[in-house]
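Counting from 1 along the sequence shown, just add 1072 to a position and that's the residue number in the working numbering. Quick reminder that beta carbons are idealized off the backbone N, C-alpha and C, glycines included. Heads up: the structure comes next, in structure tokens.
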Amino acid sequence: MPWITCPICSQPFETELSTAAPFCSDRCRQIDLGRWMKEEYGLPIERAEEPSHETQVEE
């Protein structure tokens, strides 16, 4: 059975024995959800290039 480390408490656990994988317990899963809800985590975004304010007039 594969073992992984819980990303919240760093405790190693067997993935097949946890109903909260990739967390070791429901408590760690709830902690992670709370961090997302409080916006402690975020996804990086790439900002699009700002359009030029110069306009070209076609004649």
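- If the five residues before and after residue 1074 are omitted, its C-beta is found closer than 8 angstroms to the C-beta atoms of 1086, 1087, 1088, all from its own chain and listed in chain order.
- Beyond the five residues adjoining it in sequence on each side, residue 1081 comes within less than 6 angstroms, by CB distance, of 1100 in the same chain, given in chain order.
- In this structure, residue 1107 places its C-beta atom within 8 angstroms of the C-beta atom of residue 1113.
- Beta-bridge partners of residue 1086 (DSSP): 1075.
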